[in-house]
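Numbering (mature numbering (1 follows the signal peptide of the UniProt record, and there is no 0)), first residue to last: -17 to -1, 1 to 224. Before any comments, here is the structure.
The structure is reproduced here in structure tokens:
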């Protein structure tokens, strides 16, 4: 048994990624986005953002021709400009996904995702599918498979990478807060606040207070209690998974 564990440890490593719960703002837009001419669908646009560690929001313009509809943003500010046919999406509830990679091992029962031809795009699809916990990429055929279970792969197969996602899934409580959080003065963005919690043993929730001054916006909690105190503009996030 001891030798078996050593083998598994030598086959895996961790790679960071992220996932989003998208908050839509219909008929609203922001200025300053970067057009992504390679995104021809809303799903592609969102996937391009989750694959970029600095991306915090996207905008989809139904009025524009294909190749000019997707815009990505590095800020999570709420849109303030009215625009018919435009929907602005803010990435909320980020998941700090650590990919544990198992080389030359596979599982049965995966679902083929024909739109993914690289390992990165395969992971992006997984983190946007509710319940997806792992992927498998067959480099020789550029095939991607997704899985809803996180069991270790146990079938030998040369050239295959099986990646299991571990991390936080965030449940958002809008305009609600708890008392007793620990201020994190070095954290200046919501994603950084969530990632700090996800990587801190014992942390079970965070609170983001955008109206506070920089350096007093992020609070972490060791309790997963549901917030009950009304507080306009404050969002409380509980980590699960």
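Beta carbons: idealized from backbone N, C-alpha and C, even for Gly.
Which residues mark the beginning and the end of the alpha helix (DSSP H) in which residue i is found?
| i | result |
| --- | --- |
| residue 31 | 25 to 33 |
Helix or strand or just coil, what does DSSP make of residue i?
| i | result |
| --- | --- |
| residue 104 | helix |
| residue 162 | coil |
| residue 53 | strand |
| residue 115 | coil |
| residue 88 | strand |
| residue 177 | helix |
| residue 127 | strand |
| residue 207 | coil |
| residue 22 | coil |
| residue 77 | The predicted model places residue 77 with a pLDDT of 48, which falls under 50 and marks its position as unreliable; any figure quoted below should be read in that light. Strand. |
| residue 148 | strand |
Among the options, whose alpha-carbon lies nearest the alpha-carbon of residue i?
| i | options | result |
| --- | --- | --- |
| residue 130 | 150, 168, 103, 91 | 91 |
| residue 14 | 66, 32, 168, 198 | 66 |
| residue 134 | 122, 128, 117, 127 | 117 |
| residue 214 | 98, 156, 64 | 156 |
| residue 162 | 170, 212, 222 | 212 |
| residue 199 | 40, 62, 98, 167 | 167 |
| residue 45 | 122, 23, 98 | 23 |
| residue 30 | 125, 74, 11, 123 | 74 |
| residue 21 | 11, 61, 32 | 32 |
| residue 181 | 193, 209, 122, 223 | 223 |
Along the chain, where does the beta strand (DSSP E) containing residue i start, and where does it finish?
| i | result |
| --- | --- |
| residue 135 | Element bounds for residue 135: n/a, residue is neither H nor E. |
| residue 203 | 201 to 204 |
| residue 38 | From DSSP, residue 38 is part of no beta strand (DSSP E); its letter is neither H nor E. |
| residue 216 | 212 to 223 |
| residue 99 | First-last for residue 99: undefined, no H or E at that position. |
| residue 61 | Careful: residue 61 lies outside any beta strand (DSSP E) and carries neither H nor E. |
| residue 122 | Unbroken run through residue 122: none, as it is neither H nor E. |
When the distance is taken between beta carbons, is residue j closer than 8 Å to residue i?
| i | j | result |
| --- | --- | --- |
| residue 105 | residue 127 | yes |
| residue 71 | residue 159 | no |
| residue 42 | residue 69 | yes |
| residue 81 | residue 150 | yes |
| residue 165 | residue 202 | yes |
| residue 177 | residue 206 | no |
| residue 64 | residue 39 | no |
| residue 173 | residue 191 | yes |
| residue 35 | residue 28 | no |
| residue 217 | residue 154 | no |
Tell me whether residue i counts as near the ligand HEM, meaning its Cβ is closer than 7 Å to at least one heavy atom of that ligand.
| i | result |
| --- | --- |
| residue 135 | The model on display carries no ligand, and the ligand HEM is accordingly not part of it. |
Segment contact, 8 Å Cβ cut-off, at least three pairs: the stretch 129 to 145 with the stretch 84 to 96: Because the criterion of three Cβ pairs below 8 Å is met, the stretch 129 to 145 and the stretch 84 to 96 touch.
The stretch 101 to 109 / the stretch 41 to 53 touching (three or more Cβ pairs under 8 Å): No contact exists between the stretch 101 to 109 and the stretch 41 to 53.
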